[in-house]
Every structure is written in structure tokens, then in C-alpha cells.
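Residue numbers (the UniProt record's numbering): 1 to 118.
So, in C-alpha cells, the structure goes:
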């Protein structure tokens with residue numbers, strides 16, 4: 001370590017913020033390990049959804065179209081699961097993985113009966 005490092009100034013702070021912004025836009029952060037366990041984390045709001053394939057490998061998000069915006073929250077949750085799994089399917093194929101959702105109702109529907117979602 002230097003005894004007299006350069007002084008940290010506002011320009012440095014702005015550069016760090018800019019780097020963080022660029023890092024969020026990287027489409028694939030890392031290649032998935034075929035032997036590591038995977039988790040699909042999904043989050044839904046009234047305007048869209050997002051999903052993360054954890055080991056943190058990929059990130060996806062989208063916005064709902066005008067019809068989907070009117071769906072019940074549970075239907076948006078299930079749709080987000082489908083869309084995220086489709087997006088990550090090449091890394092999930094023939095792999096064990098866990099789906100984590102924030103909606104308790106989605107969990108009960110997934111584990112019980114999905115026939116009534118249509």
C-alpha cells in the first residue's frame with residue numbers, strides 16, 4: 001500500500017457509479033457450471049417481471065403488455081416463471097434447479113394444480 005495514496009474525489013465516485021451501471025447491462029455474467037445447483041429467482045410487479053439464474057449466471061426482465069397488465073398477480077407470477085425458465089432453459093436442461101418466487105400463492109399452485117390457470 002502506498003503511504004500517501006491520491007485523494008478520493010467526486011470524479012472517482014462518479015466513475016464507480018458509471019462502472020456499476022455498465023455492469024448491470026452485461027447480458028451474461030458467467031458461464032453456468034453444469035455440476036452446480038441452480039436457482040431461478042423471480043420477482044413480479046404490476047408493470048413487469050425479472051428473473052435471475054443464480055450462481056449468478058444470467059439476468060432477464062421484461063414488461064407486461066396491455067393485456068398482461070390486467071392479469072391477477074398470481075397469473076403474472078406463473079407467467080414470469082414460464083418466461084424465465086424459457087429464457088434460461090439451455091442452462092437448466094437436464095439439471096436440478098429450484099424456483100424461488102415471492103408469492104406464496106404461486107408456490108401452492110405450482111405444488112398442487114396448474115389446470116385452473118387458463
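We treat Cβ as the ideally placed atom computed from N, Cα and C, and that holds for glycine.
This one's a predicted model, so the numbers in the text were calculated from it and none came from an experiment.
Mind the definition here: the segment 6 to 23 touches the segment 66 to 81 only if three or more C-beta pairs lie below 8 Å; say whether that holds. Touching, no.
Report the rounded CA-to-CA distance for residue 64 versus residue 34, giving the unit in angstroms. Rounded to the nearest angstrom, the gap between the Cα atoms of residue 64 and residue 34 is 32 Å.
Alpha carbon to alpha carbon, how far is residue 25 from residue 3? Going by the C-alpha atoms only, they are around 36 Å apart.
Which ranges would you report for the beta strand (DSSP E) in the segment 38 to 117 if only whole runs of at least 3 residues count? Listed in chain order, the beta strand (DSSP E) runs fully inside the segment 38 to 117 are 38 to 44, 48 to 54, 58 to 63 and 97 to 101, counting runs of at least 3 residues.
Following the continuous alpha helix (DSSP H) through residue 15, name the residue where it begins and the one where it ends. Per DSSP, residue 15 is one residue of the alpha helix (DSSP H) stretching across 10 to 24.
Tell me which residues share the same chain as residue 84 and place their Cβ nearer than 7 Å to its Cβ, disregarding the 5 neighbours each side in the sequence. So the qualifying residues of the chain are 40, 42, 51 and 60.
Using the C-alpha atoms, what's the distance from residue 12 back to residue 92? Cα to Cα, the separation comes out at about 40 Å.
Checking 7 Å against the spacing of the C-beta atoms, do residue 38 and residue 86 come in under that value? In this structure, residue 86 does not lie closer than 7 Å to residue 38 by Cβ.
Can you tell me the Cβ-Cβ gap for residue 49 and residue 80, rounded? I've got them flagged as a contact below 8 Å. Confirmed, Cβ separation roughly 4 Å.
Quick check on this structure: which residue in 71, 89 and 53 has the alpha carbon closest to the alpha carbon of residue 101? The shortest Cα separation from residue 101 among 71, 89 and 53 belongs to 53.
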